[in-house]
Structures are given as structure tokens and as C-alpha cells.
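Single-structure report; data block below.
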Amino acid sequence: MTALIIILCVILIAIVLVQIGKVTELTAQIKGQEEVMRDSSKWNGGLSIVFLVVFLVGVLVSAWKFRNEMLGYGPLQAASEHGGALDSLFNVTLFFTGIVFILTHIALFFFVYKYRWQKGRKSLFISHDNRLEVWWTLIPAVVMTVLVVRGLNAWNTVMDDIKDGEDYIEIEATGQQFNWIIRYPGADGKLGTRNHRLTTGTNQLGQDFTDRKNWDDFIPDQEFLLPVGKKVRVRITAKDVLHNFYLPHFRVKMDAVPGLPTYFVFTPIKTTAEYREELRKYPEYNQPNNPDEPDGPKRWEAFEYELACAELCGKSHYSMRRVLRVVSQEEYDAWLAQQPSYYFSQVRGKEGEDPNIGEVLDVEVGMRAAAFKETIQTALDSDKPEDKTKVLDYIWYESGSAALTANSKYELDNLVTAMNEHTGMVLRIGGHTDNTGEAEANMALSGARASNVVQYLIDRGVPAGRLQAVGYGDTKPIAENDTDANRAKNRRTEFTIISQ
Amino acid sequence: MAHANTVAETLDEKLTQELGYDDHFHEHPHGDKFRSNFLTTYIFSLDHKIIGRQFLITGIFWAFIGAAMSIIFRLQLGFPEADMAWLQPLLGKWIQVNEAGIGKLDPEFYYALVTMHGTILVFFVLTAGLSGTFSNILIPLQIGARDMASPLLNAFSYWAFFLAGVVMFLSLFLSTGPFSGGWTAYPPLSALPQASDGSGAGMTMWIIAMALFIVSALLGGINYITTILNMRTKGMNLWRMPLTIWAFFVTAVLGVLSFPVLLSGVLLLMFDRGMGTSFYLSEIVVGGEILDRVGGSPILYQHLFWFLGHPEVYIIILPAMGIVSEVLSVHARKPIFGYRAMVMSILAIGFLSFIVWAHHMFMSGVNPFISNFFVIFTLIIAVPSAVKVFNWISTIYGSNIRLNSPSLFSIGFVSMFISGGLTGIFLGNSAIDIQLHDTYFVVAHFHIVMGVAAFFGMFAGIYHWFPKMFGRFMNETLGKIHFWGTMIGAYMVFWPMHYTGMAGVPRRYYSIDTFNSFKHFTELNKFITIAAILVFFLQIVFIINFFYSIYKGRKVTEKNPWGANTLEWTTPIDTGHGNWPGKIPTVQRWAYDYGKDGEEFIPQYIPLKEGEHDHGGH
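Sequence order for the protein chains is A and B. Residue 1703, in my numbering, is where the first sequence stops; the numbers in between run on with no holes. Residue 1740, in my numbering, is where the second sequence stops; the numbers in between run on with no holes.
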């Protein structure tokens, strides 16, 4: 029905227009072409002046109205060190082009009015004027030279890569349909290598975990932080199609290209909190952020630095938002300390994901030594008898045999260190198995394993009198022997502090 | 039909008989055997005037489709909350209606609309519809030739364009939708059907359509160049050619040199899509699938694309510049100011257009050092462009300008070219481009400078040469409503986009609500959409005026209704095949003797007086 009404309206308007056309043709015939031309030139000459005034006033008024919403004006100053240079170049260009825009428009529409057709007026025969033409070739050329020189100066400074010996943080941003993966280098300050062929559901970036630089890298999944006043080099990559790493408030923009890492170097100079305080001074930003919730947070309170995608990447291109929070160095350090390494928290020990499975990594040796020291201390400090027994997590034997594997030496050495530190400590080493196989054989195997541990310690100089070895077989399970995982828990070596 | 032996009635006929060049046209009357019935006269015609009108009407068809698409995606941007269920009969499954009965535009289709709008407007309307129309109609008529150098290739040029249109049109109806990766079709998005629905069959058809279109552009271009170089009438030396012809000539040269590069670019893309090559692909994991493609570079495609893409914007704007120069001069009753400077700036712009392409790629990952050269050459273009603007304004100075639809649109063109050209100075400076690249500032810039401005040039040409094309005038009142409405409306649409662009709002966003930094422009977006709808309806006024006037417009009663100097106005009102019934007029002077020596105008066929200075001499 509505469609019908719309169609009817369109037809009606068309008929009206055609009739207007007919009527004006008829009056033109009555008045004669010359009169028509005179009226037309008079009317349109006047209209061109009206247009000129309305247009220029409209341009100025609208620019004034939106000044506090536009980057570079009002509170929306650049939040990066280089941004100010770009904004001022923008304003210099605006100054020159603004003059040209206003003067040429005044000339154009004023001449149209002034030299509108009038009967009997003769036009001037001016074919060219070399002097004028030289001037208006030279002046634009000089202005362009100024803009080019200033522009290229700014450009080459901004696009400069990190120089040797500079202090900076490198992070990595990877675009994929349809989000950003931000990777931090972790404690070593270096991003690990990647190989797209290693990509899996867990290892989304195809990180090569045989590269130790990857072990401490972390991937925050919500907002990401940067410290204020520190130079940042963002390494920008893409997994699938083109994306563009775009931080409007920092004047940062660079394509993310599959197979060709790009970069952008910038220094944040305002924390998120400082930026909010700036916005707070302007009435525009004291409006509610969500017009539907008049009592909700105001616009300045809801302000965040936002990361967007600025290269068409598919149907959800418009939704690749991430929040960047710029904070003080202390807050940044505190945040860094909380971030778990992606490798150790998500990948380590996973079959098919972790290429280092079955190996003890040197960083783990340190981590485990520290953890072991703590375990011993808790056991020593506790009064409860059940706390005096602990499982030795990192001692393994060859399959079906009592021989210790090479990787067990780290945990055994931790034990040696503990024995040397706490000279009064006497330990019982207990071997345990699961319930598969003959009970007698299990008993013998667990006994032999415990003895091997004790023997290792004696070989390292621990007095034999401070050690006992006992095999329990499958008699003391700590879990039901129903699944592989639970049986694995039951196959274990424990120590018990007998005296300290 | 008048023939050579008819009595000369007017001065031009007399002079043509006296001084004209006799190519014995009337002795080979086979011209008409190709126009024996409706089909050969109006459909498979080899006549340049019919082919030109075919380009024009096909262009109007595509302009309507392209503009309607923009209205649909503007509705989404201006009224994201609105119910679009009423569009379901037209768009079918692309409107997703939820349980509450509220219809939403599918984002995939939003991007398809944006992509098709760009492709259609840039190639089908502003290349074929503008340059195709006016090069065809005006080149033989203004240089004094019977037809194009090769009428057959000329007809092929139209039909290749027509086929390109058919393929593109069919792709709109694919179940996966037409191509949706932007008119620039950057890989890997355009190369990987896994990455987007539109990159499947839609992209294949886009490539086929583009290949056909390039064939059309090349056949046309070669013809225009050959005709202009070889078929000028006696006396028409290069410095006597109207600026329209200079513009069409340089346009054709740009097209012939740059379109093949685009063709090679999209062919390599086709290999990547269908044959497992890796020209543009490297280290890609799409949707969890690891591709075995390494070694290519997506940036290679961008170089190939913009090697055409940048000259392309001059292919669009140069014909408009030529038309505006001619129309302004005729209606101002005053010579175009600085004719030689105008020619030189056309040549300079044409040359520079080949060495600035990477200014579209400052932020694409090319070595930042390279950008230095492209910044310099890009900003140099401002100089010849400024010269042209000053010359147009000076042409109006001291004139006696008739303010009718053609001249008003020419004046509007100058305004648009200034406004849009000046913002190019911001974008061409790579340092400013860091912030403005791919924001609405760019959208505002190119829509004003090569969208609206080129349309204004086209409208000026249509209103001005309509009497030549159809033997009738278009209605002036409707023409003026069309002009002022479009002038004001177009600025209302595109001016505010500078502000959203300066605020950093990226282009090609289905919705700006996701971002705190952008979402407060909702009201402004609404304003823009309403203005766009207004402008759209004003173009319907034009379309009605156009088709109504073909049949019912005021009839042309004299050969030269505008009092213009160029040769097309010496042909009979109903110009037949071969353009001049007898001899071809010869050219005695340049095209811009308006207001000289007390004469209102002195056409090109009038011999120089004793001692008269020849502005077209060497």
C-alpha cells in the first residue's frame, strides 16, 4: 500500500514538473527569448550572490560548531609526541587553502553577478595576460614548495625507525577477521619468531615455541596498556587480509599486510586519565555518553583511546575495536607483572601444541627451583603431619624400569640443595605405582625407584643416614585408578620429612 | 537530406561551398546503407552520434542504479535504527527481518552496495558515460570529420561496455551477492572466497566485467586518438582545436596507456583466484585454514591498480574540464582566458598523473622513503590546476555571461573543483595523510572534486549540446531547479564529511556506534542522508527533463542557437550520416573569437581579415 502511494506520488510529481516545464516554455514564447534571457540572468545573478553568502557563512558557522569534536581542535589534541607536528601542518595548509577558497569563491560568484548577461553589453576581448598568468603560476608554486618542505620534514621524522641504542618498547599488533591480537615481548623485551604454518586454534599467531624469545611473550585479551612518555614500536602484521592499525588520537595509521610486517613508532604523551581531564572542561563532553541513560557516565568519563581498523577487511570491518589505556610507568610495570606468559599458561605441555614436550626448559629449572624451595619451607613450617609429605612433580623414570630419566636431575638437584641448606632434615623417599600389573611387581618397582632417588642423593654427598627409601606399590593411591590421568597421578615419588 | 548541390542559404554554407574541402562524400552514398532500418540506425549503428547517445543513455541508466545504491547505504548510516523491512521486496534476503518485524540491512550487502556504487560511478558513469558520450559526439563534429577513424571499432567499444554492464548487472543477483571488497578490489580480500561472500562468484564476474570494460575503453581511446591526429579538417591545426578536443585527446592517451596495466593487474588476480598462483598472496591463514601460498605481495596489486587508478581520476575530470572551458567561453561571449596555458596545464596534468599513483599508498606499507617523490609530484599538480581555476574565473571577468543551465553548471563545476581540489593538498601531503587516509575526509575530497565536479561538467555538456544531439532544447526552468538544488544539496552532503573525517571517522564503516570516539556524529549522519535523498530526487527531475525534452522539448530553429564558433554548429540541425551534406568546412581561426573587433562571435570557418591577428597561429 505504502509502495503504491509512493509510486503515485512520484508519478504526480513528474506530471507537475512536466507541466511547470510546459508553462515556462509557453511564457517564454510570449515574452520572447531575449526577455527570458534577461530575466534568467537577473535572477540567477542574484541567486549566485545569495548562494555565495549562505555558503561561506554556512562553512564558517558549521566549522565553529564542530570545532571541539575535530581532532587537533578543542580538547582533541594529539596524544602522541609526533601528532602535534601533523596537526600544525594541517593548520598551515588550512590557512593557505582557506584564503584561496574564500577569495576564489568571492571572485567566482561576484563576477557571475557583476557580468551577468545584459542586453547591449559588450564583453571584453581578453585572450590572455602573460604577466598575470606568471604570477598565479608562481604563487601556488611557492606555497606548494613551503608545504612540501614542511610536510616531508614531518613525514621523514615520523616514519623514522628506531635507531641503535634507543630505549623503546616493541609490541606487535596482528589483524585478523575481525579482531586485533596484541602481543607483548615479556621480560626479555624481544618478540619471538612466528611461522604462519604453525598456526593452530591455540597458537593463533603461529608462534615458534622452539624459539625461547616466545616463552615469555604474552597476549592480553582485553584492553592493552602502554606507559606514558616511552617510545613504542608497533610491529604490524596481518593473518588473512589487509587491515590497518589505526589509533586516531595518536595520529597513528599503518596497513597490516599478510607476509610483509610493517611498523609505526610513536610516543604517547598523555595518559587516558589526563586526556579525560582535558575533555571534562568542555560542555560537549559533559553530556551523557549514552543518550538513553541520562544518569550514566558522561562522555569524558567514558572516554578511551581506541584502536580501529582503517582498511576494508570484510563484513565486520567496522567492529575491530580494542581499547588502549595509557598509564604511568608504575601502573604499567604492575600490569606487566600480572600478565601470564601465553606459552606457559596456554600451550606448555599440550600434546600437538607444545614442541618442547618432554623437555625441561632452562627457564623452568629456575622457576621450579624457586617453587621447590617454597614447598620445602611450607613443609618445614607446618605442624600438621599431612603437610610433611609432598609429591616430587618433576621426577620421572624410564617406562617399566626404575632408571631415572635425564630430566629428573633438576628436581633431584633441588632436593640436594634443600638437604644441604637444612642440615637437620631427615627424609623418607616413597615410591608409588598405579594398580595395573602384579601387586608384587609394583611393590618391587616402587621400592627400586625410591632407592635410585636415595642413591642419587648419596652420590651427590648427602649422608646416607639422613635418607630412607620405601616402596609402597599401589597401596597408597591419591586418586581412583579409573582414568589414565588419575593413574598418572598415582605413579609418583614423594618425600616425607621425618625430622628437621 | 540536403546535399552539395542545394543552394547555400546561410553564410556558413556559402563559405563551405567556397572554401570547403571536397572529399567527394556525396559520390559515395553508401553511408546510408548502414541505416536502412531501425536496428541498424539506432541499435547497431556505426554512426558516432548514435554511439555517443548510446553511451549517454546507458550512463544515465547506471548513474540511476549507482545513486539508488548510495541512498540505501546512506539510509543505513543516517538511520541505523530504522526499520528497512519495506526494502525487502527489492533486496530480499539482504534485509534481515527479526522477530519484532524490524528489517536490518545485511553488513555483507552494505559492503556490496558500497563497492558497486564505486565501480559503477567511476567506470560506467564517469568514464564511459562522460568521456564516451562527449568524445564520440564532439570529436568528429568539432574537428570537421565525417565520423571516427574506425566506426566499426567505435561500435565495438560501445558493445563491449554494454556487455560489461550486463555481466556486472547479473552479478547483483548472485546468491552470494556481488563483489563486496571495495571498488579498488585489494587482495587478499578479493582473492580469497573464504574471506568474504562477495569474493566468490561476485568477484569473478567483477573481473570479467572489468576486462570487457577495459576492452571498451581501449577501442574507444585508440579511435579518439587516431581521429584527432589524422582526421582534422583543413586548417584545424593543434592550436586551433577547441579545449574540449584537447581534453578528450589527453584523456584518451591516459586511458590507452594506463588501462592495460589494470588489465594485467586483474588478470594476475584471476590467476591467484583460480590457478593457485601467489602473485599477491603470502603467509595467509584465513578462517583457520593455512594456505600454501608464499612469496607474493598484496602491495604489488596496489601499484598496478593505482597506476590506472590515478590517471583514471583525470580520465574522469579532464573531459569535464574541456566541456566547462568551452561552455563557459560560449556563454560568457568571451574567449577562454589563457588558451595556451589551458592546453599546457591539460598536458601537464596528464603527464603528472602517471607519476603520482603511490599517493594512494602512503599508509600501505611501502617504504616511507618512496613517498617523498610522490608527495612532491602530487603537490606539483596543484599548480596547473590552480592555473585552470584562475583562467576560468578570468574568463567570467569582463564577460556578458548568459546564466542558463549549461553555464550555471560550468560555474558550479569551478566551485566544486576549487573546494575538492584544495582538500587534495591536505591529502597529498603524506604527513597529513597519516591521520586523514581512509577517513571521511577522503570521501568528501574525491566526491566533490571528481564526483560532483565531473557530474557538473557532464550536465553542462548535456544541457549545452542537447540541441545538437536531439534537435530540441531541454527545459530551462527545470534545468535551473536541477542546478541550484544539486549545488546546495551536494555541498550539504559532502561538506560535513570533512568534519567527520577530521574527527577520524573511517570510511567504509557499516556503523559508527561501535566506537566511543565516533558515535556522536549520528545526528550529522542523519543530516547528510536527508540531503542525499534530496539530491537524488533532484536528479530524477533531470531524468524527466531529459527524456521529456527528447520528444517534447522546444525545437531548435537555427543551426547555431548559442552563437558558438565551433564546427559542430555548422552541420544541419538534423545531422545526417557524414555530418556535412556537401563539402567539409575548413578552419580559418581558433575557436574563441568572441567579442572580437565589435563582433559578438566569429566562427572558425570565417577567414581572417586582412592583418587580423590569428590566435591559433604558431
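Where is the CB? At the ideal position from N, CA and C, for every residue including glycine. Note that the coordinates shown come from a computational prediction; the quantities given were computed from them, not determined experimentally.
Could you run through the region 1551 to 1565 of chain B and flag, in chain order, every residue whose CB is less than 9 Å away from some CB of chain A? Asn1551, Ser1552, Ala1553, Ile1554, Asp1555, Ile1556, Gln1557, Leu1558, His1559, Asp1560, Thr1561
Helix, strand or coil: which one does DSSP assign to lysine 1433/A? Looking up residue 1433/A in the first sequence gives position 230. Three-state DSSP puts lysine 1433/A in coil, outside helix and strand.
Compute the beta-carbon to beta-carbon distance between threonine 1692/B and threonine 1138/B, rounded to the nearest angstrom, for a pair I have assumed lies under 8 Å. On the second sequence, position 570 is the one that residue 1692/B refers to. On the second sequence, position 16 is the one that residue 1138/B refers to. Their Cβ separation, rounded to whole angstroms, is 7 Å, which keeps threonine 1692/B and threonine 1138/B in contact under 8 Å.
Counting C-beta neighbours from all protein chains within 10 Å, is the total for tyrosine 1371/A 16 or more, i.e. buried, or is it exposed? In the first sequence, the residue the question calls residue 1371/A occupies position 168. By the neighbour-count rule (16 or more Cβ atoms within 10 Å), tyrosine 1371/A is not buried but exposed.
Is it buried or exposed, methionine 1570/A, if we count other Cβ atoms within 10 angstroms and call 16 or more buried? As a first step, residue 1570/A is located in the first sequence; it is residue number 367 there, counting from the start. Under this definition methionine 1570/A is an exposed residue.
Buried/exposed call for alanine 1682/A, threshold 16 Cβ in 10 Å: As a first step, residue 1682/A is located in the first sequence; it is residue number 479 there, counting from the start. Looking at its Cβ environment, which holds fewer than 16 other Cβ atoms inside 10 Å, alanine 1682/A is exposed.
Taking the beta carbon of glutamate 1577/A as the centre, do at least 16 other beta carbons fall within 10 Å, making it buried, or is it exposed? The residue given as residue 1577/A occupies position 374 in the first sequence. It is exposed - the Cβ of glutamate 1577/A has fewer than 16 other Cβ atoms within 10 Å.
Per the contact definition of three or more C-beta pairs closer than 8 Å, is the region 1430 to 1444 of chain A in contact with the region 1397 to 1414 of chain B? yes
At which residues does the beta strand (DSSP E) containing isoleucine 1384/A begin and terminate? Taking the first residue of the first sequence as position 1, residue 1384/A is located at position 181. DSSP places isoleucine 1384/A in the uninterrupted beta strand (DSSP E) bounded by 1382 to 1386.
Considering only C-alpha positions, which residue in the set Glu1556/A, Thr1620/A, Gly1555/A, Gly1561/A is nearest to glutamine 1580/A? Counting from 1 along the first sequence, the entry for residue 1580/A is found at position 377. Taking only the C-alpha atoms, the option nearest glutamine 1580/A is Thr1620/A.
In the region 1255 to 1339 of chain B, which residue ranges form an unbroken alpha helix (DSSP H) of at least 4 residues, counting only runs that do not cross its ends? Whole alpha helix (DSSP H) segments, 4+ residues: 1255 to 1265, 1273 to 1293.
I'd like to know if lysine 1677/B contacts chain A, where contact means its C-beta is closer than 8 Å to some C-beta of that chain. The residue labelled residue 1677/B in the question sits at position 555 within the second sequence. Cβ-Cβ to chain A under 8 Å: no for lysine 1677/B.
How would you list, in chain order, the residues of chain B whose beta-carbon sits under 8 Å from the beta-carbon of methionine 1339/A? Start at 1 with the first residue of the first sequence, and residue 1339/A comes out as number 136. Before going further, note that residue 1339/A is tryptophan rather than methionine in the sequence given. Correct list: Ala1508, Val1509, Phe1512.
Whole angstroms is fine: what's the gap from valine 1481/B's alpha carbon to glutamate 1434/B's? Here residue 1481/B corresponds to residue number 359 of the second sequence, with the count starting at 1. Here residue 1434/B corresponds to residue number 312 of the second sequence, with the count starting at 1. Per the sequence shown, residue 1481/B should be read as histidine rather than valine. The alpha-carbon atoms of histidine 1481/B and glutamate 1434/B are separated by roughly 14 Å.
Quick one, which of Val1383/B, Gln1424/B, Leu1384/B, Leu1385/B has its alpha-carbon nearest leucine 1403/B's? As a working mapping, residue 1403/B is identified with position 281 in the second sequence. Considering only alpha carbons, the answer is Gln1424/B.
For the beta strand (DSSP E) holding glutamate 1507/A, just list the boundary residues, first then last. Position 304 of the first sequence, counted from the first residue, corresponds to residue 1507/A. Counting along the chain, glutamate 1507/A falls outside any beta strand (DSSP E), and DSSP gives it neither H nor E.
Touch test, the region 1276 to 1289 of chain B against the region 1334 to 1354 of chain B, Cβ-Cβ under 8 Å, three pairs minimum: They touch, by the three-pair rule.
Do you know how far the Cα of alanine 1333/B is from the Cα of leucine 1385/B? For this step, residue 1385/B is matched to residue 263 along the second sequence. For this step, residue 1333/B is matched to residue 211 along the second sequence. The alpha-carbon atoms of leucine 1385/B and alanine 1333/B are separated by roughly 6 Å.
Nonlocal neighbours in the same chain, by C-beta distance under 6 Å from asparagine 1127/B, ignoring five residues either side: Your numbering for residue 1127/B matches position 5 in the second sequence. Confidence at asparagine 1127/B is low in this model, with a pLDDT of 49, below 50, so its placement is unreliable and no value can be given for it.
Nearest to glycine 1674/A (by Cα), restricted to the options Ala1688/A, Ile1661/A, Arg1694/A, Asn1492/A: Start at 1 with the first residue of the first sequence, and residue 1674/A comes out as number 471. Nearest of Ala1688/A, Ile1661/A, Arg1694/A, Asn1492/A to glycine 1674/A, Cα basis: Arg1694/A.
Tell me which residues of the region 1296 to 1323 of chain A have at least one Cβ-Cβ distance to chain B shorter than 7 Å, keeping chain order. Thr1296, Thr1300, Val1303, Phe1304, Thr1307, His1308, Ala1310, Leu1311, Phe1314, Val1315, Tyr1318, Arg1319, Trp1320, Gln1321
So what's lysine 1366/A in DSSP terms, helix, strand or just coil? The sequence position of residue 1366/A within the first sequence is 163, counting from 1. Lysine 1366/A: coil per DSSP, three-state reduction.
According to a CB-to-CB cut-off of less than 9 Å, which residues of the region 1326 to 1357 of chain B neighbour chain A? So nothing in the stretch comes that close.
Across the region 1450 to 1462 of chain A and the region 1414 to 1432 of chain A, are there enough close Cβ pairs to call them in contact, namely three or more that are closer than 8 Å? no
Give the residues from the region 1508 to 1537 of chain A that approach chain B closer than 7 Å (Cβ to any Cβ), ordered along the chain. Glu1509, Ala1511, Ala1513, Glu1514, Leu1515, Cys1516, Gly1517, Lys1518, Ser1519, His1520, Tyr1521, Ser1522, Arg1524
Give me the Cα-Cα distance between tyrosine 1613/B and phenylalanine 1568/B, rounded to the nearest whole angstrom. Taking the first residue of the second sequence as position 1, residue 1613/B is located at position 491. Taking the first residue of the second sequence as position 1, residue 1568/B is located at position 446. C-alpha separation (whole angstroms): 13 Å.
Hey, would you say histidine 1453/B sits closer than 8 Å to isoleucine 1367/B, going by beta carbons? As a working mapping, residue 1453/B is identified with position 331 in the second sequence. As a working mapping, residue 1367/B is identified with position 245 in the second sequence. Cβ atoms of histidine 1453/B and isoleucine 1367/B: not closer than 8 Å.
Taking 6 Å as the limit between beta carbons, can you name the residues of its chain near alanine 1234/B, skipping five residues before and five after? As a working mapping, residue 1234/B is identified with position 112 in the second sequence. So the qualifying residues of the chain are Gly1299, Pro1300, Ser1302, Gly1320.
Rounded to a whole number of angstroms, what is the C-alpha to C-alpha distance between lysine 1393/A and lysine 1416/A? The count along the first sequence starts at 1 and reaches residue 1393/A at position 190. The count along the first sequence starts at 1 and reaches residue 1416/A at position 213. In a straight line, the C-alpha of lysine 1393/A is about 6 Å away from that of lysine 1416/A.
Hey, leucine 1263/B and asparagine 1701/B: beta-carbon distance below 8 Å or not? The sequence position of residue 1263/B within the second sequence is 141, counting from 1. The sequence position of residue 1701/B within the second sequence is 579, counting from 1. Going by C-beta atoms, leucine 1263/B is nearer than 8 Å to asparagine 1701/B.
Partners in chain B for serine 1265/A, counting only beta-carbon separations shorter than 9 Å: For this step, residue 1265/A is matched to residue 62 along the first sequence. Ordered by position in chain B, the residues that pass the 9 Å Cβ test against serine 1265/A are Trp1617, Pro1618, Tyr1621.
Under the three-state DSSP convention, the category methionine 1457/A falls into: Reading the first sequence from its first residue, position 254 is the one you call residue 1457/A. Strand, per DSSP.
Looking at phenylalanine 1592/B: is its Cβ nearer than 8 Å to the Cβ of isoleucine 1672/B? For the purposes of this step, residue 1592/B is identified with residue 470 of the second sequence, where counting begins at 1. For the purposes of this step, residue 1672/B is identified with residue 550 of the second sequence, where counting begins at 1. Going by C-beta atoms, phenylalanine 1592/B is nearer than 8 Å to isoleucine 1672/B.
Under 7 Å from the C-beta of arginine 1524/B: neighbouring residues of chain A: Position 402 of the second sequence, counting from 1, holds the residue named residue 1524/B. In chain order: Met1240, Ser1244, Trp1320.
CB proline 1266/B to CB leucine 1730/B, shorter than 8 Å? The count along the second sequence starts at 1 and reaches residue 1266/B at position 144. The count along the second sequence starts at 1 and reaches residue 1730/B at position 608. For the sequence presented, residue 1266/B should be read as glycine rather than proline. Going by C-beta atoms, glycine 1266/B is not nearer than 8 Å to leucine 1730/B.
Roughly how many angstroms separate the alpha carbons of glycine 1460/B and isoleucine 1216/A, rounded to a whole number? Start at 1 with the first residue of the second sequence, and residue 1460/B comes out as number 338. Start at 1 with the first residue of the first sequence, and residue 1216/A comes out as number 13. Using only the alpha carbons, I get a separation of about 45 Å.
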